[in-house]
DNA sequence: ATGGACCCTGTAGCCGCTACAGGGTCAACG
DNA sequence: CGTTGACCCTGTAGCGGCTACAGGGTCCAT
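Right, here's the structure in full:
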């Protein structure tokens, strides 16, 4: 029961982790997933360690971590004795980003909402949406043309 | 008071609209902003109509509209008699996108939050964050290595 | 006449993939 | 044994929306 040395083809690894084959090759190219052994005919042969690492990457990506953050977390996690404060820091940083994005999107959604509510459903020349997006610049108003389509 | 035919250099236009010079050239390249007249020495010479159109683009971008949506809205707004239902539709579509993104990010933030709260601030080998990101796959647990750093 | 601010074109890079093109290999079926 | 079709390989280019050069030309004030 000691050595199960299962081997995955790239397709099998893709299935096991939910990544696409091209994405796996891409991760190898950018040095995020170590290059696996090759079969005689040049096929990639992945180990369970590869699968675990790729699953980690995939789950982190699902949580929106950028690849560089993931790279750093993997690097940090290589030293099992190291305190995990740095990893914590990356995660907190990312959470901060996510919260800022939510706030931004909410403000944006509110603006869109009010813009849409101004639409009288008439002609474009009277459209509240176009009006809201157009510049009021300098006092002339209402009949400015955005025109000159290229 | 009839014909103010002010002309903007690309730098002046950038200042007037809050776009960067390179971005303006990019918009011209992709056909979003019509190519302006040129001076004798080849400098771009923009009209107020260009400024208005670019302001429209800029405000729409700030609201997160993709360039193709903006292109379409500009096209639609060229016909002033057209009913604005289509523009309304684009805006509503975009609002829907924004709302979906907010929901996604909220779910994500909650996951991150709970992940971070599991961190015991000990060593990496015991880190709740790494644990939450790592696969539990198939019963073996706790001491799996993500390793083999490239 | 000289310096620095502006302008020009063209190209390459950013992120995180995705989609080809143009081949080689392997396993199952007849 | 041959043929199909699913898989695999490399390499390159594209997406969106810019941004950043490099390597020049022009304009205006001093």
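Residue numbers (my numbering), protein chains in the order written: chain A, 43 to 192; chain B, 43 to 192.
Glycine residues also receive a C-beta, built at the ideal position from the N, C-alpha and C atoms.
- Membership of residue 90 of chain A in the alpha helix (DSSP H) is indicated by the continuous run 90-104.
- Contacts between residue 108 of chain A and chain B, judged by CB atoms closer than 8 Å, are missing: the closest CB pair is about 13 Å apart.
- Taking a Cβ-Cβ threshold of 9 Å, the residues of chain A close to residue 134 of chain B are 154 and 158, in chain order.
- At a beta-carbon threshold of 9 Å, none of the residues of chain A lie near residue 62 of chain B; the nearest stands roughly 18 Å away.
- Taking 8 Å as the cut-off, the beta carbon of residue 143 of chain A is found closer than this to the beta carbon of residue 147 of chain B.
- Around the beta-carbon of residue 111 of chain A, 16 or more other beta-carbon atoms lie within 10 Å, marking it buried.
- Secondary structure of residue 162 of chain B (DSSP, three-state): coil.
- The C-beta separation of residue 126 of chain A from residue 161 of chain B comes to about 6 Å, placing the pair in contact by the 8 Å criterion.
- Contact between the stretch 78-86 of chain A and the stretch 116-134 of chain B is absent, with fewer than three C-beta pairs closer than 8 Å.
- Under the DSSP assignment, residue 112 of chain A falls in the alpha helix (DSSP H) whose first and last residues are 109-120.
- Residue 48 of chain A carries a coil assignment under DSSP once its states are collapsed to helix, strand and coil.
- For the pair residue 153 of chain B and residue 105 of chain A, the CB atoms are nearer than the 8 Å cut-off.
- Ranked by Cα distance from residue 75 of chain A, the options A/114, A/82, A/81 and A/47 are led by A/114.
- If you look at residue 170 of chain B, you'll find it in the alpha helix (DSSP H) that goes 170-175.
- CA-CA distance, residue 101 of chain A to residue 176 of chain B, rounds to 8 Å.
- The continuous alpha helix (DSSP H) containing residue 66 of chain B extends over residues 63-71.
- C-alpha of residue 118 of chain B to C-alpha of residue 68 of chain B: approximately 22 Å in a straight line.
- In chain order, 86 and 87 place their CB closer than 7 Å to the CB of residue 80 of chain A, counting only its own chain and leaving out the 5 sequence neighbours on each side.
- Here residue 92 of chain A is buried. Its C-beta has 16 or more other C-beta atoms within 10 Å.
- When A/94, A/121, A/134 and A/124 are compared, the shortest CA-CA separation from residue 107 of chain A is found for A/134.
- Residue state for residue 134 of chain B is assigned as helix, using DSSP reduced to three classes.
- Using a Cβ-Cβ cut-off of 7 Å, residue 175 of chain B is close to 98, 101 and 102 of chain A, given in chain order.
- Contact with chain A is absent for residue 52 of chain B, since none of that chain's Cβ atoms lies less than 8 Å from the residue's Cβ.
- At a cut-off of 8 Å between beta carbons, residue 57 of chain A makes no contact with chain B.
- Residue 124 of chain B carries a coil assignment under DSSP once its states are collapsed to helix, strand and coil.
- CA-CA distance, residue 159 of chain A to residue 140 of chain B, rounds to 16 Å.
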